[in-house]
Amino acid sequence: MKCEELLQYLSDYIDQELDDALTTEAQEHLATCHNCRVVLDSTQQTIFLFREQGKRSIPAQSRSRLFDQLQDAFLTSKTS
Amino acid sequence: MDLQSGYYEDSDTLLLALRQRDPAAFAYLFEQYSDKTYRLAASLLKDEVAAEGVVQDTFLRLIERLDQFEGRANLGTWLYRIAYNLSVDRLRKRKPELELEDEPGDGRLPLPVHLVEWQQWPEKLLSDGEVTRALDEAIAALPEKFRIVFVLREVEGLSTQETAEITNLSLSATKVRLHRARLFLREQLTQSLLAIGAE
Ligand SMILES: [Zn+2]
Chain A
124 MKCEELLQYL
134 SDYIDQELDD
144 ALTTEAQEHL
154 ATCHNCRVVL
164 DSTQQTIFLF
174 REQGKRSIPA
184 QSRSRLFDQL
194 QDAFLTSKTS
Chain B
44 MDLQSGYYED
54 SDTLLLALRQ
64 RDPAAFAYLF
74 EQYSDKTYRL
84 AASLLKDEVA
94 AEGVVQDTFL
104 RLIERLDQFE
114 GRANLGTWLY
124 RIAYNLSVDR
134 LRKRKPELEL
144 EDEPGDGRLP
154 LPVHLVEWQQ
164 WPEKLLSDGE
174 VTRALDEAIA
184 ALPEKFRIVF
194 VLREVEGLST
204 QETAEITNLS
214 LSATKVRLHR
224 ARLFLREQLT
234 QSLLAIGAE
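Line by line, the protein sequences give chains A and B.
Under my numbering, think of the first position of the first sequence as 124, with each following residue one higher.
Under my numbering, think of the first position of the second sequence as 44, with each following residue one higher.
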């Protein structure tokens, strides 16, 4: 496997969606290619960082205002 | 309330309770999906106030169509879809040139430019305000059509299938977009980390 191919398959490799033959080829390439290993590691770290810090919520004040308002709309809406 | 929450986990039960205007069912639905739809909208619109507006409109639309909803799709996927469509509507008003379709060349991958090992383990980086800012800037620089797929898959933890349903994309387009998003963000972050480290 060449670097370009590894790069193309990188997401499938991370998500473990490559078939066995390609997974082996990818692993063999990664064992010998420093650059691709750096790309793999830093991509995984990138994903990790966004997963950890992306979890934001509605500011508390807006949240309770929204809830009150929507619950009113819900309760007064027509029932089937 | 704990028993109740488990009770509503079943989508049919929840839908039935909502149709009977059960307040606890609504509270459960809001608890489950308000932040999720907020994050979706905020990531597309980059505007917290507008994102709150999308959450409001999403739930209002759900309430309005509660009796027509066929219950074949998952209730959560339906809410995400409404939020996605409402966000895109708002975005188009602000940005008529918005491009969400596939374009020739979208499948081509740029070669990695920055090949530097990250010095610190990310967990340590999370506490660093500069890094938090770098993350915000990196994702804001990502074009919308890649950003939304990345957020649904990685931040919301949805499957490729669910992400494709919400955004009306094919499975393969969803995968290509996720892949490009990851590589783009990796590049941006490596660059920012180098800059931060150099200070
Ligand atoms: Zn390589």
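Think of the CB as a built atom: it goes at the ideal place given N, C-alpha and C, for glycine as much as any other residue.
Values in this document were obtained by computation on a predicted structure and should not be read as measured data.
Margin query: Our contact map puts E187 of chain B next to L232 of chain B with C-beta atoms below 8 Å; I'd like the distance itself, whole angstroms only.
Written below: Taking the second sequence and counting its residues from 1, one reaches residue 187 of chain B at position 144. Taking the second sequence and counting its residues from 1, one reaches residue 232 of chain B at position 189. Not a contact, Cβ separation roughly 19 Å.
Checklist line | DSSP three-state assignment for L193 of chain A, whether helix, strand or coil | finding: Numbered from 1 along the first sequence, position 70 holds the residue referred to as residue 193 of chain A. Helix, per DSSP.
Next item on the list: Taking C-beta pairs closer than 8 Å, name the residues in chain B that T166 of chain A reaches, listed in chain order.
Entry: Here residue 166 of chain A refers to the residue found at position 43 when the first sequence is read from its first residue. In chain order: R225, L226 and R229.
Checklist line | Contact test: L129 of chain A Cβ vs ligand 1 heavy atom, cutoff 6 Å | finding: As a position in the first sequence, residue 129 of chain A is number 6, starting the count at 1. Flag set: Cβ of L129 of chain A near ligand 1.
Note to self: So, at 7 Å on beta carbons, what are the nonlocal neighbours of E205 of chain B in its own chain, with the 5 sequence-adjacent residues on each side left out?
What the structure shows: Position 162 of the second sequence, counting from 1, holds the residue named residue 205 of chain B. So the qualifying residues of the chain are T120.
Notebook entry, point to check: Ordered along the chain, which non-local residues of its own chain (more than five positions away) have a Cβ less than 7 Å from that of A184 of chain B?
Noted result: Looking up residue 184 of chain B in the second sequence gives position 141. Once the five neighbours on either side are set aside, the close Cβ partners of A184 of chain B are Q231.
Check: Mind checking if P155 of chain B is an interface residue toward chain A, Cβ cutoff 7 Å exclusive?
Finding: To locate residue 155 of chain B, count along the second sequence from 1; it is residue 112. Answer yes: the Cβ-Cβ gap between P155 of chain B and chain A drops below 7 Å somewhere.
Check: Whose CA, out of B:V156, B:L214, B:L105 and B:L221, lies closest to the CA of C159 of chain A?
Finding: The residue labelled residue 159 of chain A in the question sits at position 36 within the first sequence. Checked all of B:V156, B:L214, B:L105 and B:L221; the closest Cα to C159 of chain A is B:V156.
Next item on the list: Kindly indicate which residue of B:D90, B:L109 and B:L122 has the alpha-carbon position closest to the one of F197 of chain A.
Entry: Start at 1 with the first residue of the first sequence, and residue 197 of chain A comes out as number 74. Checked all of B:D90, B:L109 and B:L122; the closest Cα to F197 of chain A is B:L109.
Check: Between T169 of chain A and chain B, is there a C-beta pair that is closer than 7 Å?
Finding: The count along the first sequence starts at 1 and reaches residue 169 of chain A at position 46. Closer than 7 Å to some Cβ of chain B, the Cβ of T169 of chain A qualifies, so yes.
Next item on the list: Classify L226 of chain B as buried or exposed, calling it buried when 16 or more other Cβ atoms lie within 10 Å of its own Cβ.
Entry: Numbered from its first residue, the second sequence carries residue 226 of chain B at position 183. By the neighbour-count rule (16 or more Cβ atoms within 10 Å), L226 of chain B is buried.
Note to self: To be precise: take each residue of the region 176-197 of chain A, compare its Cβ to all Cβ atoms of chain B, and keep it if any distance is under 8 Å. Which residues remain?
What the structure shows: Q176, G177, K178, R179, S180, I181, P182, S185, R186, L189, F190, Q192, L193, Q194, A196 and F197
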